[in-house]
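The block underneath contains the structure these notes are about, expressed in structure tokens.
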Amino acid sequence: MRRICSRLARTAVLTAVLAAVLTTVAVSPAAATTVIRNKTITDLTLPAGAHDRIYDNCTFKSTRRDRAVIQIDKAAHHITFRDCVIKPGAWNGITINDWKGTIHHIKFLRCRIKSQKRMGFECTGRPTNSPSGYRSIKIVRCTFEPQGSEAISFDGGPNCVDNVVDRTVIKGAGTNSAFPWGQGFECNGPRRMRFTNNKVYQCRGSLLNLQMHTTADCGWVFRNNTLDASVTKQRVPMGSTSQVVIATSVHGGDFRNNRVRAAKPGGGVAWFGDCHRMDWGGTSWKDSRGGSYARPMQQRGCSGNRF
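If you read the sequence shown in the working numbering, its first letter stands for residue 985, the second for the next number, and so on.
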């Protein structure tokens, strides 16, 4: 009887210790988040390995001619820029240069990107045949003033995935004649891109420039956007051959319920080349001049696209 009681006592002690350990593990905090608040920061380049940071209500400036106001080109993850202002610079406002998927979970929330000499936001992934690429790069509720070249560009291989632009305003692009590109938003190669609930106004180039380089389904979701070339926020006019939407070699994708409007001096509502199985159902196509400009043009063997 005494042996049984002793064993029961030891079992009770071990159970209590185990419960205490499990409780400690359960309530232990994750990696601590560093918050940088109400600062003016010049020439920000995130160091390698930066993670779990929030820049809140900060202002960013640059003194460099060939670097972005915010430069992210080394491994980094879980960085948030919240309610920040990116002042005008001599190059890009924001640059993300990823190598083999080492940059991920970067978010810009309610930020204002002032006019830059080149791009407002540029994200590249190299090499394009890498088995992994940048991912979960998000631009949410931001405002882009007219930019010198493209306002927003996501460029990379098909394994750059799950990136988001949502409820964001692009007021223009292509104001600097030193650069041939003047598109509002570009997606060149990444898969599973989400571009939703945004407003894009007249640019020198197309408002959307979309390209893929594989025949696999792109997995894109471009819904509920207003693409309106009749709204002008910049002095540099739209090119006469610039369409509101240009898409090349895009397979699949959900493009439903957008509002597309062409206007002088630009071209028509859309040009599609070698595009297949895109779903534009519920999208309205209009041209303030009327006529054939209000119909998407399909060339280079397009097939199976729904309007």
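Cβ coordinates follow ideal geometry from the N, Cα and C atoms, glycine included.
Is the CB-CB distance between R1094 and R1125 below 7 Å? yes
May I ask which residues mark the beginning and end of the beta strand (DSSP E) holding R1149? Looking at the sequence shown, residue 1149 is not Arg but Val. Here the beta strand (DSSP E) through V1149 covers 1148-1150.
Helix, strand or coil for S1161? Go by DSSP, reduced to three states. coil
Could you give the distance in angstroms between the alpha-carbon of S1226 and the alpha-carbon of V1153? Straight across, the Cα-Cα distance linking S1226 with V1153 is about 20 Å.
Drop a sphere of 10 angstroms on the beta-carbon of S1276, count the other beta-carbons inside from all chains shown, and report buried for 16 or more, exposed for fewer. exposed
Beta-carbon proximity check, I1230 vs N1193, cutoff 7 Å: yes
How many whole angstroms separate the CB atoms of F1256 and M1281, which I take to be in contact at a CB cut-off of 8 Å? 7 Å
Let me know the secondary structure DSSP gives G1104 once reduced to three states. coil
Answer yes if the stretch 1132-1146 comes into contact with the stretch 1241-1255, meaning at least three C-beta pairs across the two stretches below 8 Å, and no otherwise. no
Ends of the beta strand (DSSP E) at G1274? Taken as a continuous stretch (DSSP letters only), G1274 belongs to no beta strand (DSSP E), as it is neither H nor E.
Note down, in chain order, each residue of its chain lying with its Cβ closer than 6 Å to the Cβ of T1198, except the 5 sequence neighbours on either side. P1142
According to the neighbour-count rule (16 or more other Cβ atoms, all chains shown, within 10 Å of its Cβ), is T1159 buried or exposed? buried
Would K1155 be called buried (16 or more neighbouring beta carbons within 10 Å of its own) or exposed? buried
Thinking just about the alpha-carbon of each residue, which of V1184, I1054, S1287, N1022 is nearest to the one in L1030? I1054
Which residue from D1027, D1067, H1088, K1071 puts its Cα closest to that of A1034? H1088
Tell me the rounded alpha-carbon separation between L1211 and D1027. 33 Å
Give me the residue from G1173, A1157, S1161 with the minimum Cα distance to Q1167. A1157
To the nearest angstrom, how far is it from the Cα of M1196 to the Cα of E1106? 17 Å
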